[in-house]
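**Q** Please find one structure pasted underneath; my questions will follow.
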């Protein structure tokens, strides 16, 4: 049902001119003052200004130079990213766009560009793009101009469009502000890790020298197998969520029917995939009391009389640990770090009380990061729900003359 005073439109009805694909030039061998966006520049709703490349100075590049207010749409990408939309706001001077993006302009006599920005970023439109996309590859799919032109949406009166855009932009500002706070908190924790975990900065009250050892002196491989099959909880280790049930990451159980050869891992112990430790596939089990891991994993424990498990977990995500991992894999056929190689890592061991004091500071910083991440998640969910109501007219806004700001 179309709300009173609204109309059902297609994108072709409100664009100025035609939708145009970009141009992907060969990389320039020198700085020309012209740039082209990389495909990664198109984020969810914004442009990453760092994702640009020097472009040659030729007619095709100049024909694709972006102007303030241009809408960009990703026409070829993964299913999650195809149809991403961002508005160019003169962030980069003399910048063109590549072949895998489309450009369009909104005719502001027919629709508010601010309103249309939220329409094109909405869940309904993104879902339409994904459903309409074609491609033989499961990883890369495409949408074309015709699909974009046929994008259907509800169009309220101009004054209501502007009011809706103003309300939703307020939510965008709140999300952006929180994202900036998150980035600052992440940088702060990283700086603390780089200083505290190598002894560059000492906490008040701790002055003793740190002991230089090899990791093998304080860690021990756990080789117990699930021989009787008594443990049914099969786990895996991801580079973003630590220990998880496989169905949480792969939408189904991927374990073998026979798990008697799987490695047993207990709470407080560590597990990692030797061939994926370089991308962060490493974690300490905390969520469950016990579980089993595929034989491809390594399971080990720490000597808790000398090394705090949480301290070691923090150290393994530090720059120093990454350098050790990268050095260990250099020159090898596979980027793999077996347990013997891990044991050979040089390690500076602070006294246990100092380890725990450092952990306390880093955990506090980590909790702040998690709180901000949760806030962003909540704000995004609330905005999504509000968009679904406002852009369909299920919830109407009060339009007053003084509220009609230009969007």
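In UniProt numbering, the protein residues as written are 1 to 407. Note that the Cβ used here is the ideal one computed from N, Cα and C, for glycine as well. Bear in mind that the values here come from a model prediction, so they are computed numbers and not experimental data.
When the Cα of residue 324 is compared with those of 303, 346 and 309, which residue comes out closest?
**A** In the chain shown, the residue the question calls residue 324 occupies position 324. For the residues 303, 346 and 309, the minimum Cα distance to residue 324 belongs to 346.
**Q** Evaluate residue 291 with the Cβ neighbour count: other Cβ atoms within 10 Å of its Cβ, from every protein chain shown; 16 or more gives buried, anything less gives exposed.
**A** Position 291 of the chain shown, counting from 1, holds the residue named residue 291. The residue is buried, with at least 16 neighbouring Cβ atoms inside 10 Å.
**Q** Taking the beta carbon of residue 408 as the centre, do at least 16 other beta carbons fall within 10 Å, making it buried, or is it exposed?
**A** Residue 408 cannot be examined here, being either before or after the span of the chain that is shown, 1 to 407.
**Q** Within the same chain, show all residues whose beta-carbon is closer than 8 Å to that of residue 172, passing over the 5 residues directly before and after it, in chain order.
**A** Taking the first residue of the chain shown as position 1, residue 172 is located at position 172. Only 45 and 383 meet the Cβ criterion.
**Q** Considering only the beta carbon of each residue, do residue 408 and residue 321 sit closer than 8 Å?
**A** Residue 408 lies beyond the range of the chain shown here (1 to 407); nothing can be said about it.
**Q** Check residue 346 in the structure and name its three-state DSSP category.
**A** One-based indexing of the chain shown puts residue 346 at position 346. Three-state result, residue 346: strand.
**Q** Identify whether residue 294 lies in helix, strand or coil by the three-state DSSP scheme.
**A** To locate residue 294, count along the chain shown from 1; it is residue 294. Three-state DSSP puts residue 294 in coil, outside helix and strand.
**Q** Specify, as a first and last residue, the run of the beta strand (DSSP E) that residue 54 falls within.
**A** For this step, residue 54 is matched to residue 54 along the chain shown. 52–55 is the span of the beta strand (DSSP E), which, as asked, contains residue 54.
**Q** Tell me whether residue 238 sits in a helix, a strand or coil according to DSSP, three-state version.
**A** Here residue 238 refers to the residue found at position 238 of the chain shown. Reduced to three states, the DSSP call for residue 238 is strand.
**Q** Compute the beta-carbon to beta-carbon distance between residue 281 and residue 272, rounded to the nearest angstrom, for a pair I have assumed lies under 8 Å.
**A** Translated into the one-based positions of the chain shown, residue 281 becomes position 281. Translated into the one-based positions of the chain shown, residue 272 becomes position 272. With 8 Å as the limit, residue 281 and residue 272 qualify as a contact, their Cβ atoms being about 6 Å apart.
**Q** May I ask you to report which of helix, strand or coil DSSP gives residue 227?
**A** As a working note, residue 227 is residue 227 in the chain shown. Note: residue 227 maps to coil in three-state DSSP.
**Q** Within the chosen definition, does the segment 50–60 reach the segment 110–120 through at least 3 CB pairs nearer than 8 Å?
**A** They do not touch, by the three-pair rule.
**Q** Give me the Cα-Cα distance between residue 328 and residue 216, rounded to the nearest whole angstrom.
**A** Numbered from 1 along the chain shown, position 328 holds the residue referred to as residue 328. Numbered from 1 along the chain shown, position 216 holds the residue referred to as residue 216. Using only the alpha carbons, I get a separation of about 15 Å.
**Q** Indicate whether residue 288 and residue 358 have their beta-carbon atoms separated by less than 8 Å.
**A** Start at 1 with the first residue of the chain shown, and residue 288 comes out as number 288. Start at 1 with the first residue of the chain shown, and residue 358 comes out as number 358. Not in contact: residue 288 and residue 358 (Cβ atoms no closer than 8 Å).
**Q** Could you tell me which of 32, 298, 82 and 124 sits nearest to residue 219, measuring between CA atoms?
**A** By one-based count along the chain shown, residue 219 stands at place 219. Of 32, 298, 82 and 124, the residue nearest in Cα terms is 298.
**Q** Any idea if residue 402 is buried or exposed, counting beta-carbon neighbours within 10 angstroms, 16 or more meaning buried?
**A** One-based indexing of the chain shown puts residue 402 at position 402. Annotation note: pLDDT 44 at residue 402 (below 50); position unreliable, no value reported.
**Q** Looking only at C-alpha atoms, which of 317, 284 and 296 sits nearest to residue 302?
**A** In the chain shown, residue 302 corresponds to position 302, counting from 1. It is 284.
**Q** Could you say which of 84, 198 and 156 lies nearest to residue 122 if we only look at CA atoms?
**A** What you label residue 122 is simply residue 122 of the chain shown in a count that begins at 1. Minimum Cα distance to residue 122 is reached at 84.
**Q** Got a sec? Which residues, its chain only, sit under 7 Å from residue 31 by beta carbon, not counting five neighbours each side?
**A** The residue labelled residue 31 in the question sits at position 31 within the chain shown. Around residue 31: 54.
**Q** Assuming residue 393 and residue 154 make a contact with CB atoms under 8 Å, what is their CB distance in whole Å?
**A** On the chain shown, residue 393 is found 393 positions in, with the first residue counted as 1. On the chain shown, residue 154 is found 154 positions in, with the first residue counted as 1. Right, the Cβ-Cβ distance comes to about 6 Å (below 8 Å), so this counts as a contact.
**Q** For residue 221, which three-state DSSP category applies?
**A** Walking along the chain shown from the start, residue 221 turns up at place 221. It is a strand residue.
**Q** What does the Cβ neighbour count give for residue 185, buried or exposed, with the cut at 16 atoms within 10 Å?
**A** For the purposes of this step, residue 185 is taken as residue 185 along the chain shown, with counting starting at 1. It is buried - the Cβ of residue 185 has at least 16 other Cβ atoms within 10 Å.
**Q** Rounded to whole angstroms, what's the CA-CA distance from residue 43 to residue 101? Just pull it up for me.
**A** Here residue 43 refers to the residue found at position 43 of the chain shown. Here residue 101 refers to the residue found at position 101 of the chain shown. Distance between the alpha carbons of residue 43 and residue 101 is about 12 Å.
**Q** What residue from 350, 106 and 142 has the CA that sits closest to residue 77's CA?
**A** The residue you call residue 77 lines up with position 77 of the chain shown. The option with the nearest alpha carbon to residue 77 is 142.
**Q** Provide the residue span of the beta strand (DSSP E) that contains residue 102, from first to last.
**A** Taking the first residue of the chain shown as position 1, residue 102 is located at position 102. Start and end: 101–104.
**Q** State the beta-bridge partners of residue 212 as determined by DSSP.
**A** Counted from its first residue, the chain shown places residue 212 at position 212. In the DSSP output, where bridge partners are listed per residue, residue 212 has 348.
**Q** Near residue 270, which residues of its chain fall below 6 Å by C-beta distance, leaving aside the five closest residues on each side in sequence?
**A** As a working note, residue 270 is residue 270 in the chain shown. The answer, listed in chain order, is 284 and 300.
**Q** Could you check what DSSP says for residue 404 in three-state terms: helix, strand or coil?
**A** Position 404 of the chain shown holds residue 404. Unreliable positioning characterises residue 404 in this predicted model, as indicated by a pLDDT of 47, which lies under 50. The coordinate reading is nonetheless provided below. Reduced to three states, the DSSP call for residue 404 is coil.
**Q** Short of 8 Å in beta carbon distance, which residues of its chain neighbour residue 338, apart from the five on each side in sequence? Order them along the chain.
**A** By one-based count along the chain shown, residue 338 stands at place 338. Hits under 8 Å: 274 and 298.
**Q** Taking residue 390 and residue 168 to be in contact with their CB atoms under 8 Å, please state how far apart those CB atoms are, rounded to whole angstroms.
**A** As a position in the chain shown, residue 390 is number 390, starting the count at 1. As a position in the chain shown, residue 168 is number 168, starting the count at 1. Contact holds; Cβ gap of about 7 Å.
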